[in-house]
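Residue 205 in UniProt numbering sits at position 205 of the sequence shown, and the numbers go up by one each step. Here a beta-carbon is modelled for each residue, glycine too, at the ideal position from N, C-alpha and C.
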Amino acid sequence: MAWAGYDEKTQELSLQFESLGDQGNDARKWREHTQTVLFYFLKQLSKLLEERSENGILFRPYGSAAEDLKCIEPDDVGDVDIVIYPDSDNLMIHEELIEYLPENPMHVRIKGADHPILKSCLVEDKEYVATSALKKFHPAIYGRSAPYIVDITTRAHQQKMLTPELSSLLQSTSYLKGKEASPAITVNFTRSLNKQPSDASPHVHTEEWEWLVHVFCNLTGTVYTKEHAKVIDDITQFMNEVGMYLDNKRLNTVSEMLPVFIEFYQSDRAKTLQARFQSISKNQPHDYETRRKKNMESRKIGEKQHVLSGEQQRKENNANLFQRTCSSCKLPCVETEHCEEAQTNAGEFHSDGNRAGNGDCDAMDERSETKRRGDHVENHISSKKEQLLTIEKYQSPSQGEAEAREKRILNLFFDHLFGSTSELGEHSIKEAANVTDFEKCSDQLKGGFDFVPAFKAPGWPIVAQEWIRRERKWPSQKVIDQILQEGFHLVVKAPKNGGNLECDFRISFANAEFLLSRELNEVQRECYRCLKKFHRAYLSTKPKSLVSFHLKNLFLKTVEETGAEMWTQSKRVECMMKLFRNLLEALRKRDLRHFFVRSYNLFSIDYIADPNILEPLVGICEKINENPMQFVRKLAQRQNSEQTKREQNCMPALNTQGQSDVHQEVSCKGTEKEFKEAINQERISINSFRYHDLKDIFLSTSKEMTDLAFNDPHCSLQSLSSLEKSIIEDLREIEKYHIIQVADFPKMFDICWDTAYFKILLSREPNIRSRILDGIKSVLELCKYVLKQEDFATGNEEAIIQRMLDPSSKDSFDLSHILPADSGPQFIRELFRGEKVRPAQASKVIQDDILLD
């Protein structure tokens, strides 16, 4: 080798190798972003699911991103591998459950016929666990909610990609790809290179985030009061002070800001604010339940007038409380008992409801009328029996029926919020135009996440026992013991040769590779990244042959043979040439052994369909070994040229501040007359309202409508809008037919405010009063639906709600009364509205030398 005797050339070559292996500032920022933000998030998510899931679910990042071996390009940050597996002893796949495939040593089948949990996840008519159970997050493995979460997440990504409004709002484009044979569900994304991993810290506006605080309160069973709102004001003030501190320190990326926010969260001031918030909520769950029961009791009229006490109530009120009559026979048709009694006395009534005297009508007409009414009553009784059977089904469904119903409800909600995606095929997203744009995009930063569902297995696989006894110079015995103690994973992947997609799993050593990576020094990491850049530039083919997994196994084998002592700055060239020689030898022999399972050739059909495709790479690798300087210079020039071109095409965007919404300075604390006038003249935006101010307007307007309906004898419907007319008619109908007194309506509207809140918040109606009236109308529609249910009573709420939301029910509810149709994008807009950088209001600035405490 001609270059070996020239120290200057060797030194230059070493510097070039070092430059190619160096991550660079941008790559280091993304690495810090990934390790600080993503890993922290996954850790907290795992902790949360471990506490709340019946099996305990762990999210663990693996692969090059977790191992700090990623070769990041200026426009491509690569993928992050996230393995998701149940962390439960009863779902560990022990050796006695594993059946190895003799001709495919890296693949196994899992015997689950005698397993108490896995027996529900078998391939039909077989004893093996179905791969689809793992890939589709079967509830027996991942918990009851997992399949629905995966389904809604998948559909949300589909909708986001197909909706330019959402893609623009989130400043990125993403798409899913989930090939049947792939072990992972991949989410790829692009975002503008002009954007940092995070923009400058935002100024928080309480009125734009208060709805989210209210949601969290509801989830924890807390009533969000005005006292809470005062604490939120102080928290908002503190957050803005922290934001100004970050701006002054020029900390703009998420990885830079997160430690400060963690410090903020753990500070004395934050703990004081948290304690104030919790002290207000301390006794609220009990108080809330007590008030809810009282509100339910308020629907009674006296001690003996409950909604379901139909017979006694009918007698005491002379059959006047339930005057919902059928248009065909004028008989009261609220309770089955009513119809039975009416059937007995059908001949004694005329169609006007008055008792007929003898001889008042012709006998034939009377018999005909009696028969007609009797037939109607029989049909009505039959209908009531069918409804009662439906009620019984909803109150005690089987597990399969419950899961199917939950899925129907989930699909109904998603289709209502985002529009139906039922016509989208499983792989249509990958074939959409945005995918092509993703590949062709020259000014976008690309990346992705690979979500890999897996089983965990303790111990060490039989096919890899040789690795334990192998002679080596690296790693240490301590690391080997740790690898054996932590076990391995099984993922969905069938061998291409003689495999079965239904039940074949592949052994994954991702955890062992991660532990080994922690034993690598910086020179080793840089040499591996440099090798990957040579591969991308000179050794990558289409269709794919040599891939990064091949290089990783080659690299680990080389380090194992040489030991860590060789990998130093002074021997960088020697280390790189050792890698090139080992790669050339493997290509010539068409033989590259798996690092952990030597009986498995990575150049087999599982990775390379046709080994002859490797032939051209042999010649290229020979030339690299003969003259590495020529190749390294070309690679460095190409890299510099691409970076310069990209910088010229993508000038940094100006750091402009977003303009806040301009509204008239109309105080929400003014007189009621001034406030109503401001609302009617549309001088106040919905985003100017605090939660409780909006609630006060809602209750005030509902009282106004109630007074018009019952306390204003001179009220003329002709002078009202169509919506106001409809509300007054509903109020009168409910009072007349449903034993809700006028005095009970304010309580009902107070109880149902949360139902109306999101309808009002997400409405596209610009006039605030119209929004409020629409919310009142929605509450009345909900009230009418609930009151007409035969099983309406305390304790039956869940059955009624499930029936109401189930699209297969004969008596389902129009979701537009709860949330506006196609309001999903609007909801996301509200969620991300606070991310806009706004001019900071005057506030006390945290000085650089003052701790957050």
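| Check | Outcome |
| --- | --- |
| Under the rule that 16 or more other beta-carbon atoms within 10 Å means buried, what is Q266, buried or exposed? | exposed |
| Report the three-state DSSP secondary structure of A184 (helix, strand or coil). | coil |
| Under 8 Å by Cβ, that's how I've got E18 and E526 pegged, so tell me the actual separation to the nearest angstrom. | 6 Å |
| Which partner residues does I110 have in the DSSP bridge list? | I98 |
| In the DSSP assignment, find the unbroken beta strand (DSSP E) run with P86 in it and report its ends. | D76 to P86 |
| Starting from E57, follow the beta strand (DSSP E) in both directions and report where the run begins and ends. | A small correction: the amino acid at residue 57 is Ile; Glu does not occupy that position in the sequence shown. Note, I57: beta strand (DSSP E), I57 to Y62. |
| For K70, name the three-state secondary structure that DSSP assigns. | coil |
| Hey, how far is the Cα of R633 from the Cα of N640? | 11 Å |
| Could you have a look at F505 and say whether DSSP puts it in helix, strand or coil? | strand |
| Using the C-alpha atoms, what's the distance from T131 back to V618? | 38 Å |
| Can you list, in chain order, the residues of its chain whose CB lies under 6 Å from that of F710, leaving out five sequence neighbours each side? | V742 |
| Under DSSP, the beta strand (DSSP E) around F488 begins and ends at which residues? | F488 to V492 |
| Does the Cβ-Cβ distance between M705 and L731 come in under 8 Å? | yes |
| So, is S508 buried or exposed, given that buried needs 16 or more other C-beta atoms within 10 angstroms? | buried |
| Note the first and the last residue of the continuous alpha helix (DSSP H) segment covering N511. | A510 to S517 |
| With a Cβ-Cβ cutoff of 8 Å, do E227 and I280 count as a contact? | yes |
| Label H94 either buried or exposed according to how many other C-beta atoms from any shown protein chain fall within 10 Å of its C-beta, with 16 as the threshold for buried. | exposed |
| Return helix, strand or coil for G448, following the three-state DSSP convention. | strand |
| Nearest to D450 by alpha carbon, out of D81, G21, Y62 and I728? | D81 |
| Please name the residue, chosen from N104, S88 and P807, that lies closest to L118 on a Cα-to-Cα basis. | S88 |
| Could you tell me whether the region 36-53 touches the region 484-491, using the rule of 3 or more Cβ pairs below 8 Å? | no |
| In whole angstroms, give me the CA-to-CA distance for L417 and L212. | 18 Å |
| Which partner residues does P453 have in the DSSP bridge list? | I84 |
| Roughly how many angstroms lie between the CA atoms of L13 and V77, to the nearest whole one? | 26 Å |
| Hey, quick one: how far does the alpha helix (DSSP H) through I280 stretch, first residue to last? | D268 to S281 |
| Whose C-alpha, out of P820, R769, V108 and E574, is nearest the C-alpha of E502? | V108 |
| Could you pull the DSSP bridge partners for R633 from this structure? | Looking at the DSSP assignment, R633 forms no beta bridge with any residue, so it has no partner. |
| Do you know how far the Cα of E790 is from the Cα of I697? | 34 Å |
| Is the beta carbon of L584 closer than 8 Å to that of C530? | no |
| Quick one: grab the DSSP three-state call for L122. | strand |
| CB I728 to CB L410, shorter than 8 Å? | no |
| When you compare each of S548, F505 and Q569 to N521 by their alpha carbons, which one comes out closest? | Q569 |
| So if DSSP puts V129 in a beta bridge, which residue, or which two residues, is it bridged to? | L122 |
| Which whole-angstrom value describes the C-beta separation of L694 and I760, a residue pair presumed to lie in contact below a C-beta threshold of 8 Å? | 7 Å |
| Taking Cβ to Cβ, would you say L91 is nearer than 8 Å to A636? | no |
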